[in-house]
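*Asks:* Under this note's numbering, the first residue of the sequence shown is numbered 912, with each subsequent residue one higher.
Ideal placement from N, C-alpha and C gives every residue a C-beta, glycine not left out.
All figures in this text were calculated on a predicted structure; none of them were measured in a lab.
Structure below; questions to follow.
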Amino acid sequence: MAHTFEDLVKLERLAEEAHAAYTASPDDGTRAAWREAADAFQAAVVEHADAEGKSRYEVKMAAKKAVRHPEPEAA
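Right, dumping it as structure tokens:
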């Protein structure tokens, strides 16, 4: 199943949230959750980039930028 860019943004948000949880409470469970979320994001990036004929790096950085520096919503 090809992932949309919106799917990538959601997966990156989940990975960021899992990382924050691990940072707040570093244990094997939170680390495993972070790794799973990061792996899911990376796999989706590869799939999306290949399907769209784009660079994996370009897709990954665009998704990360969308999560870390969201565009302000129009009024």
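In whole angstroms, what separates the C-alpha of Leu922 from that of Ala935?
*Replies:* As a first step, residue 922 must be located in the sequence shown, where it is residue number 11. As a first step, residue 935 must be located in the sequence shown, where it is residue number 24. Going by the C-alpha atoms only, they are around 20 Å apart.
*Asks:* Whole angstroms are fine: how far does the CA of Ala955 sit from the CA of Trp945?
*Replies:* Residue numbering aside, residue 945 sits at position 34 when the sequence shown is read from its first letter. Residue numbering aside, residue 955 sits at position 44 when the sequence shown is read from its first letter. Each residue's Cα considered, the two are about 15 Å apart.
*Asks:* When burial is assigned at 16 or more other CB atoms within 10 Å of the CB, is Lys976 buried or exposed?
*Replies:* Looking up residue 976 in the sequence shown gives position 65. It counts as exposed.
*Asks:* Return helix, strand or coil for Lys965, following the three-state DSSP convention.
*Replies:* For the purposes of this step, residue 965 is taken as residue 54 along the sequence shown, with counting starting at 1. Correct three-state label for Lys965: coil.
*Asks:* Between the beta-carbon of Ala962 and the beta-carbon of Ala948, is there less than 8 Å?
*Replies:* Looking up residue 962 in the sequence shown gives position 51. Looking up residue 948 in the sequence shown gives position 37. Not a contact, by the Cβ cut-off of 8 Å.
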